[in-house]
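Working notes, beginning with the structure itself.
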Amino acid sequence: MLARHAESLFWAGRYLERAEGTARLLDVTYQGSLQVAGGEGRDAWAHVLDVLQARKEFDRRGRTLDEGAVCTFLVTDRSNPGSIVSGVATARENFRTVREHLSSEMWENVNGFHLDLQARNIAADLTGEPYALYDLVKVRCQTLGGVAAQSMPRDETYSFLRLGWMIERALITCRLLNVNYASLGHDDYDAMLLTLRSASALEAYRRSFQSSTNPTHIAAFLLQSRSFPRSVLFCLQRAEHSLENLAGPSTSRNRAQRILGRIRSQLEFTDIAEFVTGDVHATLDALEQSICDIADVVANQYFRVGSEYALQSQYVLPGEAMV
Amino acid sequence: MTHGFFDGYLTEDFFDEAFEADGAPRPHYRQLIERFTNLGEDDIRHRRQLGEDVFKARGITFTVYGEHEDIERTWPMDLFPRIIPASEWEVIERGLAQRVTALNRFLDDIYVGEQAAINDGIVPRWLITSSSGFEREAVNIPVPNGARCLVAGIDLVRDRDGIYRVLEDNIRNPSGISYVLENRAAMMKVLPAAFREHRVRPVDQYGRALLRALRNVAPPAAGDSPTVAVLTPGAYNSAYFEHAFLARQMGVELVEGRDLVVDDHVVYMRTTGGLQRVDVLYRRIDDAFLDPVVFRNDSTVGVPGLMAALRAGTISIANAAGNGVGDDKAVYAYVPELIKYYLGEEAIIPNATTYLLWDPDQRKHVLDRLDQLVVKPVAESGGYGIVIGPKASDEELAVVRHNILTDPRNYIAQEVVSLSRSPSFTDDGLAGRHIDLRPFVLTGDRVEVIPGGLTRVAMRAGSLVVNSSQGGGSKDTWVLAPIDQPIDVAVDGDDVPEAELV
Amino acid sequence: MRLDVRYRTTFLYNGLVRESHNELRACPASDDRQQLIAYRVSVSPSARALAFTDYWGTRVDAIGVREPHDVLEIVAEAAVETGRRRPIVASPTFEDLKDPAFVDLHSEYLAPTRHTEWGRSILTQAERLRELNGPDVVRTVLALHGLVGARLSYTPGSTTIGIGVEDVLAGGKGVCQDYAHLAVALCRSISIPARYVSGYLFTSNDATGEEVQDGAVARVQTHAWFEAAIPGFGWFPLDPTNRTEVAARHVKIGHGRDYDDVPPLRGLYSGTSVPHVDASVEIRRMDATRVPTTTVQPPTPRAVESRRRQEAQQQQQQQQ
Chain A
2 MLARHAESLF
12 WAGRYLERAE
22 GTARLLDVTY
32 QGSLQVAGGE
42 GRDAWAHVLD
52 VLQARKEFDR
62 RGRTLDEGAV
72 CTFLVTDRSN
82 PGSIVSGVAT
92 ARENFRTVRE
102 HLSSEMWENV
112 NGFHLDLQAR
122 NIAADLTGEP
132 YALYDLVKVR
142 CQTLGGVAAQ
152 SMPRDETYSF
162 LRLGWMIERA
172 LITCRLLNVN
182 YASLGHDDYD
192 AMLLTLRSAS
202 ALEAYRRSFQ
212 SSTNPTHIAA
222 FLLQSRSFPR
232 SVLFCLQRAE
242 HSLENLAGPS
252 TSRNRAQRIL
262 GRIRSQLEFT
272 DIAEFVTGDV
282 HATLDALEQS
292 ICDIADVVAN
302 QYFRVGSEYA
312 LQSQYVLPGE
322 AMV
Chain B
44 MTHGFFDGYL
54 TEDFFDEAFE
64 ADGAPRPHYR
74 QLIERFTNLG
84 EDDIRHRRQL
94 GEDVFKARGI
104 TFTVYGEHED
114 IERTWPMDLF
124 PRIIPASEWE
134 VIERGLAQRV
144 TALNRFLDDI
154 YVGEQAAIND
164 GIVPRWLITS
174 SSGFEREAVN
184 IPVPNGARCL
194 VAGIDLVRDR
204 DGIYRVLEDN
214 IRNPSGISYV
224 LENRAAMMKV
234 LPAAFREHRV
244 RPVDQYGRAL
254 LRALRNVAPP
264 AAGDSPTVAV
274 LTPGAYNSAY
284 FEHAFLARQM
294 GVELVEGRDL
304 VVDDHVVYMR
314 TTGGLQRVDV
324 LYRRIDDAFL
334 DPVVFRNDST
344 VGVPGLMAAL
354 RAGTISIANA
364 AGNGVGDDKA
374 VYAYVPELIK
384 YYLGEEAIIP
394 NATTYLLWDP
404 DQRKHVLDRL
414 DQLVVKPVAE
424 SGGYGIVIGP
434 KASDEELAVV
444 RHNILTDPRN
454 YIAQEVVSLS
464 RSPSFTDDGL
474 AGRHIDLRPF
484 VLTGDRVEVI
494 PGGLTRVAMR
504 AGSLVVNSSQ
514 GGGSKDTWVL
524 APIDQPIDVA
534 VDGDDVPEAE
544 LV
Chain C
8 MRLDVRYRTT
18 FLYNGLVRES
28 HNELRACPAS
38 DDRQQLIAYR
48 VSVSPSARAL
58 AFTDYWGTRV
68 DAIGVREPHD
78 VLEIVAEAAV
88 ETGRRRPIVA
98 SPTFEDLKDP
108 AFVDLHSEYL
118 APTRHTEWGR
128 SILTQAERLR
138 ELNGPDVVRT
148 VLALHGLVGA
158 RLSYTPGSTT
168 IGIGVEDVLA
178 GGKGVCQDYA
188 HLAVALCRSI
198 SIPARYVSGY
208 LFTSNDATGE
218 EVQDGAVARV
228 QTHAWFEAAI
238 PGFGWFPLDP
248 TNRTEVAARH
258 VKIGHGRDYD
268 DVPPLRGLYS
278 GTSVPHVDAS
288 VEIRRMDATR
298 VPTTTVQPPT
308 PRAVESRRRQ
318 EAQQQQQQQQ
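Protein chains in written order, with the working numbering: chain A, 2 to 324; chain B, 44 to 545; chain C, 8 to 327.
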């Protein structure tokens, strides 16, 4: 398929996952804030920005860090390409350019999602009760994932879409753990709840670890669970499947496959006990960087084929060596 | 008018497609008129709504360019089709094939030949060299089989006497075929029974025919299975729907300039599997924007290095560069002479009577009768810039007069053709509306005329402007098969993908 | 004279350029005054040049570079034999300019173009000179040519590519393409077909056009002049920048309606870097003897040239 189309699908996947992740984080943080007041509350909102790697962008706008400003920035700010509204609009636009490759169900779903958001009075949602809005976003994103899984053949189109989706999900989960890890070490039940709920992981976690607030368990679950679909390992494995589909029947692995394979197996065979006694943040920073590197390698392999750049004109005049 | 539903329908002073002057239905419309009469108002209203819903659901729109904003409208198709009997079409078909053949010969003569038509005084040299459509960059670049007008849309009108005339030639980027196909698909859903009663020649083989024609112009080195792609300026172009539609119909890739790269004078598509060579480009981009190295250097939709690749013979494009000199409205006036010159035949379909404004006598004649004539700029399309004398205000006529006096080379004048009318469903009920016809002609290994074409309707009462971008409508066009012939079946068995009407 | 020309253009970018497409028009033409002997183009980074002849008869090399580079160097090397133009033996009048066949043949060179759009001042000057020198077209053309040289002073950097020719006249300054465009505009304004010529001048000084001393190498820029169409004769070349006739020291590359039709080098490159352009022409005289600027024939003429000169001399005698 055209490199440009593959790139559109990849980024559509990333933006949709980010929209869902943002909605979930804001929802959980909002619920948490109902029972907490003062300085702790402010930290929670700052953490949301950090998980989404949006802190610098937010600070550049020079607004006070409070619930209203953060929510507006992350949900409805059109000048923020990572906001929910912008992200869904971009995903829809990207889907439009590759419409030939998508089922009409996929198109109608993302188009409907975008139009619903446009029609909604989001400012009112945010100042009033935002549940309905966050639910809408989560459900629509999950529906899209479901429609994709049910209606799309496992071809290049599906693989690039899922690749973007999984890479973004892995990144968000990794950062979630990184940002919240400091608060997890003190037998803090609320911190555990917040973290796991932010990854929609609470119920699944309880089945394995009950009410344990042991950071080792939390880290193990979010990083290495083979069954929980939002764990970093699970996402990297799915990303690997997508790369396999793309590489086709060849027996040798391409560069993206080799790098992803290495990172996935490193994570898979990490000893969690060692992990928690070491420099957790450095390790998680490195993991996050590796995932970003994978995205870069994928881009170089599949999207930046025969580089394409805007062209300027140059000419030479007789009598003068000047442009 | 005595036919129930058609009670009160007036042909007035115009040639009506469906009714004779005395009100009797023309033979080839009798069955259809009967059917409509039997359907009744409610049923008809229901079917009209159904038609609209079909287009809306499929997202078939077009853009109307306005002063303040561009509006996307659902494609308007009138329920009452236009029917052309076999005997009539046979003449039109021959006339169109003749005309396109002559145009191809003319363009080949100008660009790679001896310029014989100029040297023998058939057309003046300055007319060619001063035409904005004359592309010096295309000179000496041959086109396989001389198929320069691979796709041509020749606009026909019918005058008060029912005679078909060519109103203008469109051989650069003629559009509209997608609407022809969509109209047919919609009509088959909305009036299926009518199709059973008429032997309507199909049009859905277009995608296959177009692909065949495109493969036919591939460079010899491309081999048996040339790679074809459709080059579009992108989704913001008003005809984007058609570009995507045709790419789908042919089963080929739809690309934008940025998807292509020229390396060592060969054109490639940037794909996830690496660079893939392109042999034929169906380019729906104007010459001026095609290659910023050679044409407008601010074009962001073109392909840098494409013209060099064309010269190197590694790729072919359709339609060829430089066709604008052939559909320049000033050159249009000479086409009957060109037909005689290249083919030794009289033009089967005549032109509309045209006056050339650089000739002092003709110019005086025109200026004396400005309010009775139609004045057109030579290089515009889509109906823009046309002033219809009888409908124009004094101010508009003054502007036209000034334009003619300062820049006579760039305007022609024509007698107003009293366009034929067809019964159409309007806001005021069933009434006659002026129509024209744009048949499509393909030049592959032979010249092929698609049965029918796009019938455009001027929806405002009394209006002669049929272009969709200015509020026109359309009708499905039925060419009836001759009694003794079977309706066309699929052509010779190429291994061309079965294109479905999506 | 036999000349070796080496035209080098170097683009220095302040960043990395990944893709560039260029068209080079540097090859000497072969016509009734010149004969191309050899021509070669080399590019660094290496790229293949596609050669073709454009509409105006100029040899073009299309050069596409697709490896990352921060320097692009294009070198054109040519060997060419040049001579004088044949003498003009016709004396057409302005009436002859109106002949429909003549007008039709030269229609492309009569209309104003982007760089030759004349206005009041130019038209006034041209009409004045026609008054004084008409109805003789050749005399008028020479007068127009002289006017350009008289009105403009050679000042590099005083004009830019987009300047209108009326502004050139008003400003009184320019470089060779401005001189050429002005001369063309003056001619066209009074219906004398004229065309812009791109080429090289074997001189030691771009500004003065003076001759090169024996054995020395000329280091100059590319040059521009013009040609006027004379009924019954053909194209009459003149160099307004140096106020001279066009003769053996002039090497023609090609002609067109104006600079846009025959730029020495134009192209596109990717990215946002700004190029610094360095272009230079080196010309060496390769035949042993020096040709003076008088009508004395060169000591070792080629057979063809000799015969042509004899014929020309015969013509002049018949005219007398």
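All C-beta atoms, glycine included, are put in the ideal place defined by N, C-alpha and C.
task: Express the C-alpha separation of Asn-510 (chain B) and Glu-8 (chain B) in angstroms, rounding to a whole number.
output: This structure leaves residue 8 (chain B) out entirely; chain B is present only between 44 and 545.
**Study point:** CB of Phe-483 (chain B) within 7 Å of CB of Asp-121 (chain B), strictly
**Key:** no
**Asked** Where Thr-210 (chain C) and Gly-90 (chain C) are concerned, what is the direct C-alpha to C-alpha distance, given to the nearest angstrom?
**Response** 15 Å
**Asked** Taking 7 Å as the CB-CB limit, is Gln-315 (chain A) close to chain C?
**Response** yes
In chain B, which residues lie with their C-beta within 7 Å of the C-beta of Leu-3 (chain A)? Glu-296, Val-298, Asp-302, Met-312, Arg-313, Thr-314
message = Against Pro-28 (chain C), what residues of chain B qualify as contacts under a CB-to-CB distance less than 8 Å, listed in chain order?
response = The sequence as given places His at residue 28 (chain C); Pro does not occur at that position. Val-305, Val-336, Pro-347, Gly-348, Ala-351, listed in chain order.
What separation, rounded to the nearest whole angstrom, lies between the Cα atoms of Ala-257 (chain A) and Leu-116 (chain A)?
36 Å
### Task
Assign Phe-270 (chain A) to buried or exposed, taking buried as 16 or more other Cβ atoms, counted over all protein chains shown, within 10 Å of its Cβ.
exposed
With DSSP collapsed to three states, give me the class of Thr-65 (chain C).
coil
Margin query: With the cut-off set at 7 Å, would you say Glu-157 (chain A) and Met-2 (chain A) are in Cβ contact?
Written below: yes
Looking only at its chain, what residues have a beta carbon closer than 6 Å to the beta carbon of Glu-178 (chain B), apart from the 5 residues adjacent to it on each side? Asp-330, Ala-364, Gly-365
Measure the Cβ-Cβ separation of Arg-90 (chain B) and Thr-498 (chain B) and say whether it is below 7 Å.
no
### Message
Does the CB of Leu-318 (chain B) have a neighbour CB from chain A at under 7 Å?
### Response
yes
Original post:
Tell me the DSSP bridge mates of Lys-180 (chain C)?
Top reply: C:Ser-160
Kindly indicate which three-state DSSP category Ser-51 (chain C) falls into: helix, strand or coil? strand
Q) What three-state label does DSSP hand Gln-92 (chain B) in the structure shown? A) helix
Three-state secondary structure assigned by DSSP to His-408 (chain B)
helix
* Asked: Does the Cβ-Cβ distance between Val-460 (chain B) and Asp-202 (chain B) come in under 7 Å?
  -> yes
Which residues DSSP lists as bridging Tyr-207 (chain C), in chain order: C:Val-258
Requested in this report: Indicate whether the contact test is met: 3 or more Cβ pairs, each with one atom in the segment 104-122 of chain C and one in the segment 34-53 of chain C, closer than 8 Å.
Outcome: no
If we cut at 7 Å on Cβ distances, does Tyr-303 (chain A) have a partner in chain B?
yes
Query raised in the report: With burial defined as no fewer than 16 other Cβ atoms inside 10 Å of the residue's Cβ, what is the status of Tyr-377 (chain B): buried or exposed?
Result: buried
Margin query: Counting only C-beta atoms, is Val-99 (chain A) closer than 7 Å to chain B at any point?
Written below: no
Exercise. To the nearest angstrom, report how far apart Tyr-311 (chain B) and His-76 (chain C) are at their CA atoms.
Key: 21 Å
Checklist line | For Leu-353 (chain B), the three-state DSSP class (helix, strand or coil) | finding: helix
Smallest Cα separation from Val-97 (chain B): which of B:Met-230, B:His-241, B:Ser-342, B:Ala-422? B:Met-230
* Residue burial classification, Thr-196 (chain A) (beta-carbon count within 10 angstroms, cutoff 16) -> buried
(request) Say whether chain B places a C-beta atom closer than 7 Å to the C-beta of Val-306 (chain A). (result) yes
Okay, do the segment 145-162 of chain B and the segment 177-196 of chain B touch, 3+ Cβ pairs below 8 Å being the bar?
yes
Suppose you measure from the CA of Leu-523 (chain B) to the CA of Gly-496 (chain B); what does that come to, to the nearest Å? 13 Å
ask   = Around the Cβ of Ala-150 (chain C), are there at least 16 other Cβ atoms within 10 angstroms (buried) or fewer (exposed)?
value = buried
Contacts that Phe-59 (chain C) makes with chain B (C-beta to C-beta distance below 7 Å) = Arg-354
Notebook entry, point to check: Are any of the Cβ atoms in chain C nearer than 7 Å to that of Val-182 (chain B)?
Noted result: yes
Q | For Asp-546 (chain B), three-class secondary structure by DSSP | A | For chain B, the structure presents residues 44 to 545; residue 546 (chain B) sits outside this window and is missing.
**Request:** Round the Cβ separation of Tyr-2 (chain C) and Ile-81 (chain C) to the nearest angstrom and send it over; I've been treating them as touching at under 8 Å.
**Result:** Look at the range of chain C in this structure, 8 to 327, and you will see that residue 2 (chain C) is not part of it.
Discussion item. Let me check understanding here. Comparing Cα to Cα, which of A:Arg-207, A:His-242, A:Leu-244 lies closest to Ser-226 (chain A)?
Written reply: A:Arg-207
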